[in-house]
Amino acid sequence: MAGFLKKLFAKKEEEPFRIEFSEIDAYLLNKEEGVMNVFREASASSGKEVRGAIADIMDKSDRLLEAKIPEDADVPPRVRSVVEKSLPGFVSSVKKTADVELSDDPELFYEEIIALVQSFGNCMRQQGRYLPAAYPEEMKDIRSSVTVIGRELNSMSEKIKPSIELRENLSKTRKVYEEIKGSEDEADSSIEERKSLKKRIISLTQEMQDTDEKISLCRKSPEYIFYEEMLAKKDSLSEEASELMDTYNLLSSTVSNVFRKAVYAAEREGNKDLAASLKKFEEILNDSKREDETELTELYESFYDSFRSLTESDGSIIKNKSEEKLFADKFYLTVEISQICRKYREVISDLNKTTGFIEDSGPAKELERLEKMREDLLIDSENDKKRINYLSEQIESLNAGIARNYENLLNEFRNLEGREVIFGDDFPGKPGF
1 MAGFLKKLFA KKEEEPFRIE FSEIDAYLLN KEEGVMNVFR EASASSGKEV
51 RGAIADIMDK SDRLLEAKIP EDADVPPRVR SVVEKSLPGF VSSVKKTADV
101 ELSDDPELFY EEIIALVQSF GNCMRQQGRY LPAAYPEEMK DIRSSVTVIG
151 RELNSMSEKI KPSIELRENL SKTRKVYEEI KGSEDEADSS IEERKSLKKR
201 IISLTQEMQD TDEKISLCRK SPEYIFYEEM LAKKDSLSEE ASELMDTYNL
251 LSSTVSNVFR KAVYAAEREG NKDLAASLKK FEEILNDSKR EDETELTELY
301 ESFYDSFRSL TESDGSIIKN KSEEKLFADK FYLTVEISQI CRKYREVISD
351 LNKTTGFIED SGPAKELERL EKMREDLLID SENDKKRINY LSEQIESLNA
401 GIARNYENLL NEFRNLEGRE VIFGDDFPGK PGF
């Protein structure tokens, strides 16, 4: 029987408080509204008294300013002088403090009352320090009204003190909750983006494979094979043109060297016509814009005999066998020049046609387009992979932060509820979530 009664009257252990993550915001809002209701009730009950006391202080300050110190009052002259000087400043400070429009917001109202009590206290201690000696009743009346405000402040403080502590705990709890919620939302967004990027990489990979097939087909097409042959031909023609130009430059250099000495010798002998013809020949020889060698040939044949006589009389003009061969008769030099120039023009003409074909080649342009597309697809794919790696690291970091805050939030709820708390299965950061 005793055991039964003991069990019957034994204090039952409070069951743990259980809450789902999706319920927290509503839970906190409800608690926060409860705190605000306490503030509203406290400010409502004290508001009338405080406002009445402020009005009384304004009236009493006006009356104090009009009051006179009785001639027979037991106030030492020095104190009387101080009182007369400080009275206007005291009244001004008190009225300035009292001239306030108190807020309808309960929290702001409470803070304003605290500031009022502090300001009135400063006025009484500073400018009003010596006034009670001259105006004892008036100052007592003002102090009594200030006391009313202080009493209402104490009454409010007593009523809202538990709510202030609760509000601080709610604020800390909401902060942790918002951090978890923000991290969860960010992690979810990153997970969705990562999924989307993975799908896009699959699509990009398929596009690259399709493009590779198109590139392969393009390279195998008869048109492109012919295009490659034209490329090889262009290289060959460019090389041939370069060799012909080297040959021509060597020939031109030899002619210029011999003619320079011949001009000097002709001028020394007074043969101005020959000197002028030699110079004219060099000028035509170095003219890259000439279309043929007719003028050059005719000019050379016109002065050759005179030039040859000069070289035979002056052995310093022609020095070696290659030069001797070049100027042996009136045809060899111009034939050599004509053959080189004609061949060069033919090669350049063929090269220009080949280059034009290459530049206008449809298969080449298509291949260039496909290769550019392939490069862009690869760049996009690589960038997406880098982004996926970044998102994976971010998700891991966010989840680690959520796991840490899970314990913090659990502790905050234990403080709020004053008992053990169990979070529902939808909690991010919960083991096994």
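In terms of full-length UniProt numbering, the sequence shown has 243 at position 243, counting the first letter as 1, and numbering is strictly consecutive. We put the CB at the ideal spot given by N, CA and C, even for glycine.
Reference residue i; option with closest CA among the options
{"i": "residue 138", "options": "229, 17, 87", "result": "87"}
{"i": "residue 353", "options": "245, 218, 230", "result": "230"}
{"i": "residue 361", "options": "226, 252, 16, 330", "result": "226"}
{"i": "residue 98", "options": "66, 81, 149", "result": "149"}
{"i": "residue 209", "options": "30, 373, 407", "result": "373"}
{"i": "residue 452", "options": "155, 80, 20, 107", "result": "In the structure displayed, the chain extends from 1 to 433; residue 452 sits before or after that span and is not available."}
{"i": "residue 235", "options": "288, 351, 115", "result": "351"}
{"i": "residue 347", "options": "242, 132, 307, 232", "result": "242"}
{"i": "residue 207", "options": "29, 376, 312, 411", "result": "376"}
{"i": "residue 47", "options": "24, 109, 96, 80", "result": "109"}
{"i": "residue 273", "options": "94, 359, 302", "result": "302"}
{"i": "residue 42", "options": "113, 69, 85", "result": "113"}
{"i": "residue 187", "options": "408, 390, 425, 409", "result": "390"}
{"i": "residue 189", "options": "394, 408, 407", "result": "394"}
{"i": "residue 239", "options": "344, 145, 116, 26", "result": "344"}
{"i": "residue 180", "options": "407, 277, 74, 116", "result": "407"}
{"i": "residue 90", "options": "145, 339, 131, 244", "result": "131"}
{"i": "residue 334", "options": "328, 297, 356", "result": "297"}
{"i": "residue 340", "options": "245, 53, 120, 213", "result": "245"}
{"i": "residue 290", "options": "326, 338, 251", "result": "338"}
Range of the contiguous beta strand (DSSP E) that encloses residue i
{"i": "residue 465", "result": "Nothing about residue 465 can be read from this structure; the chain reaches only from 1 to 433."}
{"i": "residue 317", "result": "Unbroken run through residue 317: none, as it is neither H nor E."}
{"i": "residue 422", "result": "421 to 423"}
Reduced DSSP secondary structure (H/G/I, E/B, other) of residue i
{"i": "residue 358", "result": "helix"}
{"i": "residue 433", "result": "The predicted model places residue 433 with a pLDDT of 44, which falls under 50 and marks its position as unreliable, so this point remains unresolved."}
{"i": "residue 182", "result": "helix"}
{"i": "residue 136", "result": "helix"}
{"i": "residue 352", "result": "helix"}
{"i": "residue 259", "result": "helix"}
{"i": "residue 428", "result": "coil"}
{"i": "residue 291", "result": "coil"}
{"i": "residue 434", "result": "Outside the modelled stretch of the chain, which goes from 1 to 433, sits residue 434, for which no answer is possible."}
{"i": "residue 14", "result": "coil"}
{"i": "residue 150", "result": "helix"}
{"i": "residue 75", "result": "coil"}
{"i": "residue 418", "result": "coil"}
{"i": "residue 413", "result": "helix"}
{"i": "residue 30", "result": "helix"}
Own chain partners of residue i with C-beta closer than 7 Å, once the 5 adjacent residues on each side are dropped
{"i": "residue 433", "result": "With a pLDDT of 44 at residue 433, under the threshold of 50, the modelled position of that residue is not reliable, and no figure is offered here."}
{"i": "residue 265", "result": "310, 314, 317"}
{"i": "residue 275", "result": "263, 266, 267"}
{"i": "residue 237", "result": "347, 350, 351, 354"}
{"i": "residue 211", "result": "370, 373, 374, 377"}
{"i": "residue 95", "result": "58, 61"}
{"i": "residue 32", "result": "170"}
{"i": "residue 135", "result": "64, 67"}
Cβ-based neighbour list, residue i, same chain, cut-off 6 Å, excluding 5 preceding and 5 following
{"i": "residue 413", "result": "421"}
{"i": "residue 14", "result": "419"}
{"i": "residue 18", "result": "422"}
Continuous alpha helix (DSSP H) stretch holding residue i: start and end
{"i": "residue 328", "result": "Per DSSP, residue 328 belongs to no alpha helix (DSSP H) and is neither H nor E."}
{"i": "residue 129", "result": "Taken as a continuous stretch (DSSP letters only), residue 129 belongs to no alpha helix (DSSP H), as it is neither H nor E."}
{"i": "residue 103", "result": "Run containing residue 103: none; DSSP gives neither H nor E here."}
{"i": "residue 67", "result": "Segment: none, residue 67 is in no alpha helix (DSSP H) and carries neither H nor E."}
{"i": "residue 277", "result": "272 to 285"}
Contacts around residue i, its chain only, beta-carbon distance under 8 Å, and the 5 residues preceding and following it disregarded
{"i": "residue 218", "result": "224, 363, 366, 367, 370"}
{"i": "residue 282", "result": "255, 256, 259"}
{"i": "residue 324", "result": "318"}
{"i": "residue 295", "result": "284"}
Cβ of residue i within 8 Å of any chain C Cβ
{"i": "residue 128", "result": "Among the chains in the structure shown there is no chain C, since it carries only a single protein chain."}
Task: Three CB pairs or more closer than 8 Å across the stretch 162 to 181 and the stretch 31 to 38 - done: yes
Open item on the list: Tell me whether the stretch 262 to 278 and the stretch 398 to 406 touch, counting them as touching only if at least three CB pairs, one residue from each stretch, are closer than 8 Å.
Closed with: Because the criterion of three Cβ pairs below 8 Å is not met, the stretch 262 to 278 and the stretch 398 to 406 do not touch.
- [ ] May I ask you to verify whether the stretch 183 to 197 touches the stretch 50 to 65, counting CB pairs closer than 8 Å and requiring at least 3?
- [x] no
- [ ] Would you check if there are 3 or more beta carbon pairs closer than 8 Å linking the stretch 89 to 107 to the stretch 172 to 179?
- [x] no
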